[in-house]
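S.K.: Residue numbers (mature numbering (1 follows the signal peptide of the UniProt record, and there is no 0)): -23 to -1, 1 to 264.
My structure is below; once you've seen it, I'll send some questions.
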C-alpha cells in the first residue's frame, strides 16, 4: 500500500477518490510562539481559467477593506480580505458537499464582505455570529485579529461551529472536521485529506518561534505531487497565497503571491499603516 492510501486509512473517513478542484488550504498561528503576532494564510487553488486582482474597497456603510478578488470566471468575487481595523477573513470551499447542496437554498449568501464591513474584531464576529452564520451558505472561514484566530465551519440549514484559538496552530482544507453541522454524510476528497495531514504535520514539526516568512516556505510545499500538495499545479493550480502578520503593536503586514494564469508570478508586500489606508479605491495589483 502506498503512503497516500495509508494516510487515507488513518483518517477513517468517507472518501471520494476524485479530487474536487474547488479547493484551498487555510492555516494560522496565534500566541506567544510567534515573533510576528497572529499569523494567518491561505493558498487559493482553483481552475486556472480566470484572473485575480488586489483591490481597495469602500462600502457605502462600514469599514474599508483590502481584498483579493476573482475578476472573471464562474465564481467571481471576494476570496480573502482585511479591513482597516486589522480583521482578516479567509475562505475555503466546502467541496465535501455536492455543489447542488451548497447552492440549494437561494436565500443563503456569502458573508466575507459583510464581516469585513461591519466587524472590528473577533469579539464582534462572536457577538453577531447567529446573524452572520445562520444565514450563510456552507463554507469554511479562518479569521484573525491581533489577539488570535477563529475557525468557522458553516454547515447546512443554519448550523455552524466556531472555534477560537488564542494560543497554538490551526488548519483547514475542504472537508468538515465537525459533521454535527451536516444533515448528511460528506464525501471527503483525497486532496483535502492529504493537504490537511501535510499542513498539520508541518505546523507540528516547527520548533522555533514563528515568523511570517515561515508561512511562505510552507505555502510552496510540493510534497504530494501536482494534485495533492499545498502548492498545486495539477487539475487545480495555486493561483494565490495570502499571508499576513498581525503584531500586537504596529500595523498589519501582507505578503501576497499572485500567480495569475499566463502571467509572470507577482509578489506584493504591503504595510497596512494609516498612510496605506489613505489611498484611493482601486486595483493595487494588476489583473
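Cβ coordinates follow ideal geometry from the N, Cα and C atoms, glycine included.
In this structure, does DSSP put residue 80 in helix, strand or coil?
M.R.: coil
S.K.: With a threshold of 8 Å on Cβ separation, who are the neighbours of residue 202 within its own chain once the five nearest residues in sequence on each side are excluded?
M.R.: 211
S.K.: Given that a residue counts as buried once 16 or more other Cβ atoms are within 10 Å of its Cβ, and exposed if not, what is residue 185?
M.R.: exposed
S.K.: Check whether the stretch 102 to 112 and the stretch 49 to 58 touch, using three or more Cβ-Cβ pairs below 8 Å as the test.
M.R.: no
S.K.: Return the CA-CA distance between residue 248 and residue 39, expressed in angstroms with no decimal places.
M.R.: 22 Å
S.K.: Does DSSP put residue 97 in a helix, in a strand, or in coil?
M.R.: coil
S.K.: If you run the structure through DSSP and keep just helix, strand and coil, what is residue 221?
M.R.: strand
S.K.: Which residues in the same chain as residue 253 place their Cβ atom closer than 7 Å to its Cβ, once the five residues preceding and following it in sequence are excluded?
M.R.: 247
S.K.: Can you tell which of 178, 71 and 133 has its C-alpha closest to the C-alpha of residue 157?
M.R.: 133
S.K.: So what's residue 130 in DSSP terms, helix, strand or just coil?
M.R.: strand
S.K.: Tell me the DSSP bridge mates of residue 209?
M.R.: Beta-bridge pairing links residue 209 to no other residue.
S.K.: Which of helix, strand or coil does DSSP assign to residue 193?
M.R.: helix
S.K.: Considering only the beta carbon of each residue, do residue -1 and residue 68 sit closer than 9 Å?
M.R.: Cβ distance not < 9 Å, so residue -1 and residue 68 don't count as in contact.
S.K.: Measure the C-alpha to C-alpha separation of residue 251 and residue 164 and round it to an integer number of angstroms.
M.R.: 45 Å
S.K.: To the nearest angstrom, how far is it from the Cα of residue 238 to the Cα of residue 146?
M.R.: C-alpha separation (whole angstroms): 31 Å.
S.K.: Quick one: any contact between the stretch 24 to 34 and the stretch 207 to 225, if contact means 3 or more CB pairs under 8 Å?
M.R.: yes
S.K.: Among 13, 245 and 162, which residue has its Cα nearest to the Cα of residue 123?
M.R.: 13
S.K.: Determine the contact status of residue 42 and residue 29, defining contact as a CB-CB distance below 9 Å.
M.R.: no
S.K.: Pick out whichever of 120, 16 and 52 has its Cα sitting closest to the Cα of residue 64.
M.R.: 120
S.K.: Is residue 182 closer than 9 Å to residue 154 when the C-beta atoms are compared?
M.R.: no
S.K.: The alpha helix (DSSP H) spanning residue 110 covers which residue range?
M.R.: 106 to 110
S.K.: How far does the beta strand (DSSP E) with residue 261 in it extend, from its first residue to its last?
M.R.: 259 to 262
S.K.: Return the bridge partner residues of residue 158 from the DSSP annotation.
M.R.: Under DSSP, residue 158 shares a beta bridge with no residue.
S.K.: According to DSSP, is residue 38 helix, strand or coil?
M.R.: coil
S.K.: Short of 6 Å in beta carbon distance, which residues of its chain neighbour residue 196, apart from the five on each side in sequence? Order them along the chain.
M.R.: Once the five neighbours on either side are set aside, the close Cβ partners of residue 196 are 20 and 218.
S.K.: Following the continuous beta strand (DSSP E) through residue 175, name the residue where it begins and the one where it ends.
M.R.: No beta strand (DSSP E) holds residue 175; the alpha helix (DSSP H) holding it covers 167 to 182.
S.K.: What does DSSP give as the partner residue(s) for residue 22 in the beta ladder?
M.R.: -1 and 215
S.K.: What's the gap between the Cα of residue 53 and the Cα of residue 87?
M.R.: 12 Å
S.K.: Have a look at the DSSP bridge pairing and note the partners of residue 234.
M.R.: Answer by DSSP bridge pairing, in chain order: 218 and 244.
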